[in-house]
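So the sequences go chain by chain: U and G.
Position one of the first sequence corresponds to residue 206 (the numbering used here), numbered consecutively onward.
Position one of the second sequence corresponds to residue 206 (the numbering used here), numbered consecutively onward.
A short write-up of the structure that comes next.
There are 2 protein chains.
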Amino acid sequence: MDTPQPEHLKSAGLKSTLPRLKVLDLFQRGQERHMSAEDVYKQLLADGESVGLATVYRVLTQFAQAGLLVRHNFEGGKSVFELNEGTHHDHIVCLQCGHVEEFYDSAIETRQKKVVSDLGFAIQDHSLHIYADCTKTKCPNRR
Amino acid sequence: MDTPQPEHLKSAGLKSTLPRLKVLDLFQRGQERHMSAEDVYKQLLADGESVGLATVYRVLTQFAQAGLLVRHNFEGGKSVFELNEGTHHDHIVCLQCGHVEEFYDSAIETRQKKVVSDLGFAIQDHSLHIYADCTKTKCPNRR
DNA sequence: ATGCAAATGAGAACGATTATCATTTGCATC
DNA sequence: GATGCAAATGATAATCGTTCTCATTTGCAT
Numbered sequence: 206m207d208t209p210q211p212e213h214l215k216s217a218g219l220k221s222t223l224p225r226l227k228v229l230d231l232f233q234r235g236q237e238r239h240m241s242a243e244d245v246y247k248q249l250l251a252d253g254e255s256v257g258l259a260t261v262y263r264v265l266t267q268f269a270q271a272g273l274l275v276r277h278n279f280e281g282g283k284s285v286f287e288l289n290e291g292t293h294h295d296h297i298v299c300l301q302c303g304h305v306e307e308f309y310d311s312a313i314e315t316r317q318k319k320v321v322s323d324l325g326f327a328i329q330d331h332s333l334h335i336y337a338d339c340t341k342t343k344c345p346n347r348r
Numbered sequence: 206m207d208t209p210q211p212e213h214l215k216s217a218g219l220k221s222t223l224p225r226l227k228v229l230d231l232f233q234r235g236q237e238r239h240m241s242a243e244d245v246y247k248q249l250l251a252d253g254e255s256v257g258l259a260t261v262y263r264v265l266t267q268f269a270q271a272g273l274l275v276r277h278n279f280e281g282g283k284s285v286f287e288l289n290e291g292t293h294h295d296h297i298v299c300l301q302c303g304h305v306e307e308f309y310d311s312a313i314e315t316r317q318k319k320v321v322s323d324l325g326f327a328i329q330d331h332s333l334h335i336y337a338d339c340t341k342t343k344c345p346n347r348r
């Protein structure tokens with residue numbers, strides 16, 4: 206493993222266990238930024254690490270609750286997670302290859318807040334998912 | 206049944222069958238604007254109409270493909286459908302009661318298009334889901 | 001080293017959705 | 001209106017992502 210950071214676990218009130226360190230490390234290595242539970246599970250197996258699928262699900266949920274990861278529900282029915290680096294951003298998902306690109310636009314953000322509060326809601330969270338076709342060069346593999 | 210409109214089915218290349226008319230009519234009556242497959246199934250049963258759950262799923266999918274309905278994937282894992290009236294809008298989903306409110310803001314829309322095209326993507330579709338707590342009065346039942 | 005609450009892992013269970021397939025239906029043709 | 005057949009239906013099994021259960025293992029404070 207690269208450089209696991211148990212402090213992150215501790216500060217999140219989570220015991221520093223082997224499976225948790227492995228999962229955290231996988232995200233920190235950053236080979237894939239957006240991963241589903243199964244992606245994580247398979248990658249760990251491929252890396253020769255042994256973990257239970259149930260544990261992967263548990264750990265991902267805990268990490269998301271603790272704020273270490275962010276959970277996204279894109280179309281397709283499965284949750285996708287990414288490292289929470291504190292900077293909110295929205296996502297563009299390529300309909301051809303599934304590639305996920307991130308973007309942030311403060312004009313959209315402020316406008317959102319205003320519109321929603323004008324309607325009398327207390328905004329908790331939001332997700333803006335753009336589904337698009339990316340350019341050929343960015344889209345090598347079709348799904 | 207109120208006023209089913211078989212023309213809509215025909216123009217969508219769908220045979221005008223009883224289950225399809227029942228489902229379409231349910232949406233057109235507009236008692237509930239946003240319904241999941243199970244919502245539709247239960248409401249039809251409650252109305253004394255007999256349909257198979259599998260058929261409801263099939264019909265909803267076909268209607269969404271045909272453009273009669275729009276499918277939404279909110280958090281919570283189940284698809285929700287609404288009548289497609291041609292006017293795009295975004296959604297606020299109450300985290301307490303599941304109530305769905307619609308809104309449209311042209312500033313957000315235009316800004317979205319610009320940001321995405323600047324990144325070299327051809328936007329196909331998008332979904333903006335705001336998760337919020339609605340005011341007590343609007344939120345009678347907790348889920 | 002010891003003890004125990006917390007975490008794990010294997011597998012069962014679950015909820016939403018889709019697939020299978022024998023039966024029924026819409027509808028064009030006689 | 002009767003007939004035929006492809007398309008649609010409905011009951012059920014199957015699938016998929018995810019959560020639950022519970023016996024076993026582990027982290028960590030003593």
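Yeah, the Cβ is synthetic: ideal placement off N, Cα and C, and Gly gets one too.
Within-7 Å CB hit, residue i to chain U
i, result
"residue 233 of chain G", "no"
"residue 276 of chain G", "no"
"residue 337 of chain G", "yes"
"residue 229 of chain G", "no"
"residue 348 of chain G", "Confidence at residue 348 of chain G is low in this model, with a pLDDT of 38, below 50, so the placement of that residue should be treated as unreliable; the coordinate-derived value is given next. For residue 348 of chain G, the answer is no, since every Cβ of chain U falls outside 7 Å of its Cβ."
Rounded distance between the beta-carbons of residue j and residue i, thought under 8 Å
i, j, result
"residue 229 of chain U", "residue 273 of chain U", "7 Å"
"residue 316 of chain G", "residue 313 of chain U", "5 Å"
"residue 320 of chain G", "residue 308 of chain U", "6 Å"
"residue 336 of chain U", "residue 331 of chain G", "6 Å"
"residue 386 of chain G", "residue 265 of chain G", "One cannot answer for residue 386 of chain G here, as it falls past the ends of chain G, which runs 206 to 348."
"residue 267 of chain G", "residue 219 of chain G", "6 Å"
"residue 283 of chain G", "residue 249 of chain G", "Rounded, the Cβ-Cβ distance is 17 Å, inconsistent with contact."
"residue 239 of chain G", "residue 290 of chain G", "Rounded, the Cβ-Cβ distance is 13 Å, inconsistent with contact."
"residue 276 of chain U", "residue 269 of chain U", "4 Å"
"residue 261 of chain U", "residue 285 of chain U", "Incorrect: roughly 13 Å between the Cβ atoms, too far for contact."
Neighbouring residues, chain G, relative to residue i (Cβ below 8 Å)
i, result
"residue 320 of chain U", "308, 310, 313"
DSSP state of residue i mapped onto helix, strand, coil
i, result
"residue 314 of chain G", "helix"
"residue 323 of chain G", "helix"
"residue 306 of chain G", "strand"
"residue 243 of chain G", "helix"
"residue 261 of chain G", "helix"
"residue 336 of chain U", "strand"
"residue 225 of chain U", "helix"
"residue 255 of chain G", "coil"
"residue 349 of chain U", "There is no way to answer for residue 349 of chain U, as the model of chain U reaches only from 206 to 348."
"residue 220 of chain U", "coil"
"residue 237 of chain U", "coil"
"residue 213 of chain G", "helix"
"residue 250 of chain G", "helix"
"residue 279 of chain U", "coil"
Under 8 Å by beta carbon: chain U residues contacting residue i
i, result
"residue 316 of chain G", "310, 312, 313, 316"
Neighbour list for residue i in chain U, Cβ cutoff strictly below 9 Å
i, result
"residue 267 of chain G", "Going along chain U, no residue has its Cβ under 9 Å from residue 267 of chain G, so there is no contact; the nearest lies around 18 Å."
"residue 300 of chain G", "329, 330"
7 Å Cβ cutoff, residue i in contact with chain G
i, result
"residue 255 of chain U", "no"
Closer than 7 Å at the beta carbon, the chain U residues around residue i
i, result
"residue 280 of chain G", "278"
Mind listing which residues of the segment 323 to 334 of chain U have their C-beta closer than 8 Å to chain G's C-betas, in chain order? Under the 8 Å Cβ criterion, the segment 323 to 334 of chain U contributes 324, 325, 326, 327, 328, 329, 330, 331, 332, 333, 334.
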